[in-house]
Amino acid sequence: MTLSPWRPSRLTRAQQEERRLAAQPSLNDPSRTTLDLAQQFGVAEVTIRAWRARLRRDGEEALRASRATGRPERLTAAQQDEIGTILDGDPRAQGFETHGWTIPKIRQVIGLTYGVWLDRAHLSRKLRRWGFSYQRPALRAVERNEDDIATWVRVQGEALGKKDR
132 MTLSPWRPSR LTRAQQEERR LAAQPSLNDP SRTTLDLAQQ FGVAEVTIRA
182 WRARLRRDGE EALRASRATG RPERLTAAQQ DEIGTILDGD PRAQGFETHG
232 WTIPKIRQVI GLTYGVWLDR AHLSRKLRRW GFSYQRPALR AVERNEDDIA
282 TWVRVQGEAL GKKDR
């Protein structure tokens, strides 16, 4: 019983390119069958035929990986930097009543300033990529007086201590 070599279920783009480039000399050999090459490189026969067609049509560079660009950014790098500067400031400077940035506030500023209305979940991911993180506000009253609290704890502690005797 012959065991076939282990192959991952998914290859990275670099691994796929490496496999195509390794197959290139064999693809040019007319004595090798499509089935033989497909078994050797772990791909379907139709893939071997496509690789051979690309080689004939585009030459040596045909099997190199292309750059995966993805969807273009809707905000330029300069706009992203400006947003970072805005977020470093106080939201009240942008016309909001309270301090502390929230996703809806940030979304509104971006939408009104640049005309780009981002989805809330997408904006959250973008903010993380830009180096921002969630911050929870301290749940303390603005009027809190630490001196008064320390005095109260001391007085109440003394009163409780007297009851124990």
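The sequence shown begins at 132 in our numbering and counts up by one. Yeah, the Cβ is synthetic: ideal placement off N, Cα and C, and Gly gets one too.
Roughly how many whole angstroms lie between the Cα atoms of residue i and residue j?
| i | j | result |
| --- | --- | --- |
| Asp189 | Ile179 | 15 Å |
| Asp219 | Arg256 | 18 Å |
| Gln225 | Gly231 | 12 Å |
| Arg275 | Glu228 | 21 Å |
| Val284 | Ala290 | 10 Å |
| Arg223 | Tyr265 | 19 Å |
| Gln146 | Leu270 | 51 Å |
| Ala193 | Phe263 | 41 Å |
From the DSSP output, in three-state form, read off residue i for me.
| i | result |
| --- | --- |
| Asp253 | The identity of residue 253 in the sequence shown is His, whereas the question assumes Asp. Residue state, collapsed to three classes: helix. |
| Gln266 | coil |
| Trp283 | helix |
| Asp221 | coil |
| Val240 | helix |
| Gly215 | helix |
| Gly288 | helix |
| Arg271 | coil |
With C-beta atoms as the reference, is residue i less than 8 Å away from residue j?
| i | j | result |
| --- | --- | --- |
| Tyr245 | Gln210 | yes |
My understanding is that residue i touches residue j, with C-beta atoms under 8 Å, so please give their C-beta distance in whole angstroms.
| i | j | result |
| --- | --- | --- |
| Leu152 | Leu186 | So it is not a contact: roughly 11 Å between Cβ atoms. |
| Ala199 | Arg144 | 7 Å |
| Leu206 | Val247 | 6 Å |
Contiguous alpha helix (DSSP H) assignments of at least 4 residues, all confined to the segment 133–211: 144–158, 165–172, 176–189
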